[in-house]
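S.K.:
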Amino acid sequence: APEQDNFQPLAPPPEMEYQSQQDLYDAAQSWAKDHGYAIIITHSSTSNGENRARRGILTENRFTYQCDKSGS
1 APEQDNFQPL
11 APPPEMEYQS
21 QQDLYDAAQS
31 WAKDHGYAII
41 ITHSSTSNGE
51 NRARRGILTE
61 NRFTYQCDKS
71 GS
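The opening position of the sequence shown corresponds to residue 1 in full-length UniProt numbering, with each subsequent residue numbered one higher.
1. Pop quiz: glutamine 66 and threonine 46 are said to be a contact at Cβ under 8 Å. What is the actual Cβ separation, rounded to whole angstroms?
2. Less than 8 Å between the C-beta atoms of phenylalanine 63 and glutamine 8, yes or no?
3. Taking the beta strand (DSSP E) that serine 45 falls in, what are its first and last residues?
4. Name the DSSP beta bridge partners of tyrosine 65, please?
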């Protein structure tokens, strides 16, 4: 039987609000570990650049997360 016949969807972390990106990442990693997988950051960016953040100008950070089992 093909491997695809054994496909079981992985449970995603629960939707919640977090105080920081690090809090979100830590909670997602903990959830994933308890469910047999890990979360990886595949892309990150800052919309206004690091120099503007140092001058006190609001920046927006974006992160793209992915399951480490993606594509396997």
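Where a beta carbon is used, it is the ideal one built from N, C-alpha and C, also for glycine.
M.R.: Answer, in terms of the structure:
1. With a Cβ gap of about 19 Å, glutamine 66 and threonine 46 do not count as contacting.
2. no
3. 39–46
4. Ile41
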